[in-house]
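Numbering (our numbering), first residue to last: 4 to 503.
Cβ coordinates follow ideal geometry from the N, Cα and C atoms, glycine included.
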Amino acid sequence: MQTKTQVEDLQNYLTDASNMPGGYADRLVVPESISDISGVLREANEAGVAVTIAGARTGTVGGAVPFGGVVLSLEKLNRIKSIDKAGLSAVVEPGVVLADFQKAVEAEGLFYPPDPTEWSCQVGGTVATNASGSRSFKYGATREFVTGLKIVLADGELLNLKRGSAFSADGKEVRVVSESGRSIAARVSSYRRPDVRKNVSGYYNAEPLDAIDLFIGSEGTLGVITEIELRLLPKPEGFFSGIIFFERTDKLLAFVDEVRLLSFENRKGPVAIAPGSDVDASLIEYFDDRALSFISEKFPETPSGMAGAIFFEQETTAETEDSLFEQWNALLEKHNADIDRSWFTTTEQDREKMRAFRHALPVSVNERVVRNKQKKIGTDMAVPDENFAGFLKFYKETLDASGIDYVIFGHIGDCHLHANLLPKDEAEAERSRHLYGRFIAQALMLGGTISAEHGVGKLKSKYLNVMMGERYMNEMAELKKAFDPKGILGRGNLFGVGSV
Ligand SMILES: Cc1cc2nc3c(=O)[nH]c(=O)nc-3n(C[C@H](O)[C@H](O)[C@H](O)COP(=O)(O)OP(=O)(O)OC[C@H]3O[C@@H](n4cnc5c(N)ncnc54)[C@H](O)[C@@H]3O)c2cc1C
């Protein structure tokens with residue numbers, strides 16, 4: 004196991020994709036086995052030293068940014084241990100890069116849908132944040148695919164959890180037994196989850212709660228994820244994909260509403276049940292007018308003068324391809340899409356180009372923010388379906404009135420968009436932070452969540468406090484204490500820097 008203490012060795016581990024400043028650490032450790040991790044944690048726990056778990060540091064909320072103590076990087080635990088084609092499952096170490104895993108799975112004719120746009124992240128990081136993304140519209144977030152976890156707890160003890168093996172009793176207390184036979188009981192937080200399609204704000208709760216779900220999305224605060232068993236799907240025969248441009252936002256929104264409705268109807272049964280339609284999108288992504296002109300710097304072929312665009316995909320087979328093409332075409336005509344200037348494909352190569360187009364947007368946003376020497380101010384809230392159109396209007400009107408540069412894009416199928424503010428100087432940054440607070444307040448007033456997919460980390464802990472209130476924050480703190488009594492893991496995540 005490598006241990007490094009030199010400033011130049013630590014430098015890359017002191018921030019993540021959020022560019023959160025101020026990170027510092029005494030030591031970087033790069034374990035090569037579970038027993039290495041166990042040893043590091045046992046020692047740190049005895050001394051009460053903070054341990055920050057680092058994946059690929061592509062997180063956007065400062066979750067992997069240390070404020071003292073040890074950084075534990077999982078980059079060397081990067082083996083795909085098995086892919087079981089017949090059993091549709093895989094076992095991986097946490098440091099496997101998501102893109103490598105997806106490639107390996109596809110080479111076996113299988114499919115792993117979680118797709119958080121940034122493919123350089125580690126599978127362990129995606130489990131720790133319950134990452135989702137465009138394809139979650141059809142397949143769900145990372146949680147839906149995790150069937151087993153090996154975890155090292157704060158005191159170095161090992162925990163082996165299989166989905167379905169430990170549930171909370173009466174929805175109140177969850178009990179797990181470590182490999183050495185120690186029983187740990189934790190009270191499940193009793194807050195009511197908002198009625199939104201995606202939510203990663205705070206510890207997961209459900210009645211009854213499967214213990215494995217507590218650790219998924221726990222943002223490095225309950226244990227180190229050291230091995231992951233995943234469910235896989237057969238690789239779809241093909242995909243029909245399109246990026247469609249609209250001249251009017253109301254038409255675009257009506258199109259999305261109809262696609263969403265048809266997709267839900269057609270998923271209810273083994274055969275399509277929406278009369279006369281087989282439309283069942285696997286992703287529906289949105290770009291507003293400003294996002295399109297922003298992205299045209301990298302993709303000059305982007306048509307100008309459009310109100311917005313939708314990127315969609317649907318699984319196809321040789322039998323369904325032609326009929327699906329006609330059905331999508333009919334929908335596009337009905338909703339006045341600019342079909343002539345839109346892009347369609349059924350080839351893997353062009354589909355990759357479309358995904359690159361989508362990926363270029365958050366990347367360009369991050370580049371712009373760095374160029375402006377500012378921190379990214381991007382929203383990740385989601386609101387209930389019935390409030391979505393109103394929330395989008397609120398975003399647009401407020402941002403247009405502010406005069407600050409911005410782009411809006413994201414997972415419109417899940418009623419979840421990212422508004423990214425691009426301040427040019429400190430005065431605009433100050434106003435942007437103020438606007439961010441207004442968006443949080445509006446989302447909460449509409450029954451939404453402060454974070455649908457990026458997590459809370461350190462940067463959003465104060466908003467989690469607003470969303471949860473003191474009572475539920477205390478319940479979550481008690482839950483953390485059950486697994487990490489000295490509060491050494493992921494210090495500052497969820498509960499704020501300065502807290503445990
Ligand atoms: C351009 C861009 C686009 C993105 N788009 C999306 C998107 O569409 N959807 C989405 O969900 N996310 C998105 N993300 C963020 C996404 O959450 C991260 O990319 C990913 O989930 C984190 O993985 P990582 O390995 O980089 O983890 P890190 O950033 O290193 O860590 C994230 C958190 O997980 C903890 N952690 C990491 N590994 C472990 C482990 N093995 N055990 C316990 N805790 C651990 C860390 O302590 C930290 O709290 C995007 C990021 C970027 C930069």
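- Check each candidate in Thr320, Ala363, Lys254 and Asp283 and name the one with the smallest Cα separation from Pro303. Ala363
- What is the C-beta distance between Ile298 and Ser367, in whole angstroms, given that I count them as a contact (C-beta under 8 Å)? 7 Å
- Task: Would you give the residue range spanned by the beta strand (DSSP E) that Val149 belongs to?
- Result: Val149 to Val155
- Task: Mind checking which residues open and close the alpha helix (DSSP H) that includes Thr252?
- Result: Thr252 to Arg270
- Item | Coil, strand or helix - Lys3 by DSSP | Outside the displayed range of the chain (4 to 503) lies residue 3, so it cannot be described from this structure.
- Query: CB-CB under 7 Å to Asn163, same chain, minus the five flanking residues each way: which ones, in chain order?
  - Reply: Lys153 and Glu182
- Message: Could you check whether the Cβ of Val130 sits closer than 8 Å to any heavy atom belonging to ligand 3?
- Response: What this structure holds is ligand 1, not ligand 3.
- Message: Going by DSSP in three states, His457 sits in which element: helix, strand or coil?
- Response: coil
- Only counting runs of 4 or more residues, tell me where the alpha helix (DSSP H) segments fall wholly within the segment 47 to 83, in order along the chain. none
- Give the range of the beta strand (DSSP E) segment to which Asn133 is assigned. Segment: none, Asn133 is in no beta strand (DSSP E) and carries neither H nor E.
- Nearest-angstrom Cα separation, counted from Glu322 out to Ser459: Residue 459 is actually Val in this sequence, not Ser. Approximately 44 Å, taken between the alpha carbons.
- Message: Using only the alpha-carbon positions, how far apart do Tyr289 and Pro306 sit?
- Response: 15 Å
- Query: Can you check whether the CB of Ala422 is closer than 9 Å to the CB of Tyr409?
  - Reply: yes
- Item | Presumed contact (8 Å Cβ cut-off) between Glu232 and Ser139, rounded CB distance | About 20 Å; that fails the 8 Å criterion.
- Which stretch, first to last residue, makes up the alpha helix (DSSP H) that contains Lys7? Unbroken run through Lys7 is the beta strand (DSSP E), Gln5 to Lys7; no alpha helix (DSSP H).
- Message: Report the start-end ranges of each beta strand (DSSP E) in the segment 320 to 407 that is 3 residues or longer and not cut off at the edges.
- Response: 346 to 348
- Item | Those residues which DSSP pairs with Ser452 across a bridge | A small correction: the amino acid at residue 452 is Thr; Ser does not occupy that position in the sequence shown. In DSSP, Thr452 forms a bridge with Ala385.
- Message: For a minimum of 3 consecutive residues, which ranges assigned as the beta strand (DSSP E) are wholly contained in the segment 271 to 311?
- Response: 286 to 291
- Message: For Ser326, count the other beta carbons within 10 Å of its own beta carbon; 16 or more makes it buried, fewer makes it exposed. Which is it?
- Response: exposed
- Query: How is Asp216 classed by DSSP in three states: helix, strand or coil?
  - Reply: helix
- Could you give the distance in angstroms between the alpha-carbon of Val503 and the alpha-carbon of Glu316? Residue placement at Val503 is poorly supported in this model, since its pLDDT is 37, which falls under 50; the coordinates are not used for a value here.
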